[in-house]
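Just add 1343 to the spot in the sequence shown (first one is 1) and you have the working numbering.
Accompanying notes for the structure given below.
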Amino acid sequence: MVRSMTGFGRGTSSGNGVETVVEIQTVNNRFLDVTLRGGREVAALESKVRDLIRKRLERGKVTVSITWHGESEGEPQADLQKAKAYHEALLSLKDELSLTGDVDLAIVAGFRDVISSTTMEHDDDVAWEYTGPGVKAALEALVGMREREGEALAADLSQRFEQLQASLQQIEELAPGRTTAYAERLKARVEEMFEGISLDEDRIHHEIAIFADRIDISEEGTRLKSHLDQARTLMEGVAPAGRQLNFLLQEMHREVNTLGSKANDQEISHLVVGMKEELEKIREQVQNIE
């Protein structure tokens, strides 16, 4: 299966007077790396969130943000002791420095720890009952987006694999002519060097056979076709294909490099350069696949 590692999903759920908003964002990563944001109470649910994500995602850097709205936020409360302490400190400051102005409610209430909104304590199991559905909804939306992007990646890769196959076929059609051309060049060179002298045809045929064996690309072509077939099979399967595609791509690079070293033909060399460019584009795409 081809599924992108980048995506975004949002889900909401409610219960116990609390509305939960969950946002999950993923980007490329070699492994599965999950980060949970949302404060101390949300952190208590981390293991459950991670378990859900592991069941649906194979790779990627995953950031999960959970926000609670409603009763969980608690009621604003005034800390009278701190308010009195701030008031007395301000009055003392006013007297000591001979300052003008009144120490009023607005000034005292402006200190952050005088009036605060406390968060109610949560029972973890109860909190998960109204948070879990939001996480599942966000995860479902995320997976859907990754799969849609994966379809586009698969279509692009399929087209590029077809191009590689077509180039390989052209190379295989051109390859036999290299031996014939070499034989003609070798014979002409020998005749020019040893004009009027009887040629050792067996020796010439032996040299031609050695050359033909040295530039034979049948094994490389067979392996490259096999790698292309395996890549297509992986993309059509149900398991995430990213890691195995990346391995196959390295093997394809190896075979194409060998084809280039055995080319001994301008047209074949040109085709090999095009294949290497195509493989580089494929490599960039495969980095995005789960």
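Quick reminder that beta carbons are idealized off the backbone N, C-alpha and C, glycines included.
Every value quoted in this text rests on a predicted model; they were computed, and no experiment measured them.
Drop a sphere of 10 angstroms on the beta-carbon of residue i, count the other beta-carbons inside from all chains shown, and report buried for 16 or more, exposed for fewer.
i: L1448; result: exposed
i: F1590; result: exposed
i: P1693; result: Because the chain in this structure spans residues 1344 to 1633, residue 1693 falls outside the shown range and cannot be described.
i: G1487; result: exposed
i: A1481; result: buried
i: E1627; result: exposed
i: N1631; result: buried
i: S1435; result: exposed
i: E1598; result: buried
i: E1366; result: buried
i: T1565; result: exposed
i: R1489; result: buried
i: S1347; result: buried
i: L1614; result: buried
i: V1361; result: buried
i: V1392; result: buried
i: S1415; result: Because the pLDDT at S1415 is just 47, under 50, the model does not fix this residue reliably, and the value given afterwards should be weighed accordingly. Its Cβ being crowded by 16 or more others within 10 Å, S1415 is buried.
i: A1470; result: buried
i: L1440; result: exposed
When you compare only the Cα positions, how much space is there between residue i and residue j?
i: E1644; j: T1349; result: Since the first residue shown for the chain is 1344 and the last is 1633, residue 1644 is missing from the structure and cannot be characterised.
i: G1382; j: E1483; result: 23 angstroms
i: Q1502; j: S1510; result: 13 angstroms
i: A1497; j: E1505; result: 12 angstroms
i: L1517; j: I1611; result: 7 angstroms
i: D1422; j: E1633; result: 51 angstroms
i: D1394; j: L1592; result: 31 angstroms
i: G1617; j: L1500; result: 16 angstroms
i: L1442; j: Q1420; result: 31 angstroms
i: S1561; j: M1578; result: 26 angstroms
i: K1398; j: V1370; result: 18 angstroms
i: A1452; j: E1431; result: 14 angstroms
i: V1478; j: H1412; result: 15 angstroms
i: K1437; j: Y1429; result: 12 angstroms
i: I1458; j: N1359; result: 25 angstroms
i: S1604; j: V1345; result: 33 angstroms
i: K1444; j: I1450; result: The residue asked about is misnamed: residue 1444 is Gly in this sequence, not Lys. Approximately 11 angstroms, taken between the alpha carbons.
i: E1563; j: E1594; result: 10 angstroms
i: A1606; j: P1476; result: 60 angstroms
i: V1407; j: L1485; result: 11 angstroms
i: K1568; j: I1396; result: 36 angstroms
i: V1629; j: N1600; result: 19 angstroms
i: Y1289; j: D1467; result: Residue 1289 lies beyond the stretch modelled for the chain, which goes from 1344 to 1633, so this question has no answer here.
i: A1495; j: I1514; result: 29 angstroms
i: P1519; j: N1372; result: 45 angstroms
On the DSSP bridge assignment, give the partners of residue i in chain order.
i: H1412; result: E1362
i: T1334; result: Look at the range of the chain in this structure, 1344 to 1633, and you will see that residue 1334 is not part of it.
i: L1375; result: G1403
i: T1355; result: V1364
i: R1380; result: S1408
i: I1632; result: S1347
Would you say residue i faces chain B, with C-beta separation under 8 angstroms as the test?
i: L1588; result: Going by chain labels, chain B is absent from the structure shown, which holds only one protein chain.
Is the stretch 1378 to 1393 close to the stretch 1346 to 1357, with three or more CB pairs under 8 angstroms?
Put simply, the stretch 1378 to 1393 does not touch the stretch 1346 to 1357. Fewer than three CB pairs are less than 8 angstroms apart.
Counting beta carbon pairs with one atom in the stretch 1365 to 1381 and one in the stretch 1400 to 1411, are three or more of them shorter than 8 angstroms?
Flag = yes, the stretch 1400 to 1411 and the stretch 1365 to 1381 touch.
With a threshold of 8 angstroms, are at least 3 pairs of Cβ atoms found where one atom belongs to the stretch 1569 to 1577 and the other to the stretch 1585 to 1599?
Three or more beta-carbon pairs drawn from the stretch 1569 to 1577 and the stretch 1585 to 1599 are found closer than 8 angstroms, and the two stretches are therefore classed as touching.
Can you list the alpha helix (DSSP H) stretches of 4 or more residues lying completely in the stretch 1468 to 1521, in chain order?
Taking only runs of at least 4 residues, no alpha helix (DSSP H) segment lies wholly in the stretch 1468 to 1521.
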